[in-house]
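Take numbering that gives the first Met the number 0: the last position of the sequence shown gets the number 138, and nothing is skipped along the way. What follows is one structure encoded as structure tokens, with my remarks underneath.
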Amino acid sequence: MCDTKPTKLGFVVAEFNRDITYMMEIEAREHAAFLGAEVTDCMYVPGAFDMPLAIKKMLAAGKVDAVVTIGCVIEGATQHDEIVVQHAARKIIDLSLEFGKPVTLGISGPGMSRLEANERIDYAKRAVESAVKLVKRLQ
0 MCDTKPTKLG FVVAEFNRDI TYMMEIEARE HAAFLGAEVT DCMYVPGAFD MPLAIKKMLA
60 AGKVDAVVTI GCVIEGATQH DEIVVQHAAR KIIDLSLEFG KPVTLGISGP GMSRLEANER
120 IDYAKRAVES AVKLVKRLQ
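Structure follows, in structure tokens:
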């Protein structure tokens, strides 16, 4: 028997590189609707590094089936982009395991230019698809 309830998604969206994350968020929302999922919560954070606390609060509230992260980390003159993405990704995985709910990685980067970031806007769409699939398969 299939569950007909729509999957409830929470979005955690980075404001850093907002010109890119805005387009990512639009594509993610459109894809969620296409898949029959509902975006029931959305929290904006300064950057990808700030996502884990927002994710934890969203999961602890218990109102979403999964969280989709949306962010863009562009390469700079130092290795800061690598550190940000590595640590954010590690904590995102930890939170998914701690709460037993999917938290998907829709953060593009590190090591990419602004042009490459524009070409990777669909990472958000992929993260939504992964969240919906995981919710359904883990039921």
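The C-beta atom is built at its ideal place from N, Cα and C for all residues, glycine as well.
Helix, strand or coil at residue 25 according to DSSP, with G and I counted as helix: helix
Thinking C-beta only, is residue 81 closer than 7 Å to residue 109? yes
Mind pulling the beta strand (DSSP E) runs of 3 or more residues that sit fully within the region 52 to 134? DSSP runs (the beta strand (DSSP E)) wholly in the region 52 to 134: 65 to 71.
Throw me the rounded Cβ distance for the residue 8 and residue 51 pair, which I believe falls under 8 Å. That belief does not hold up - the Cβ atoms of residue 8 and residue 51 are roughly 18 Å apart, past 8 Å.
Go through its chain and collect everything with a Cβ distance to residue 41's Cβ below 6 Å, but skip five positions before and after it. 10
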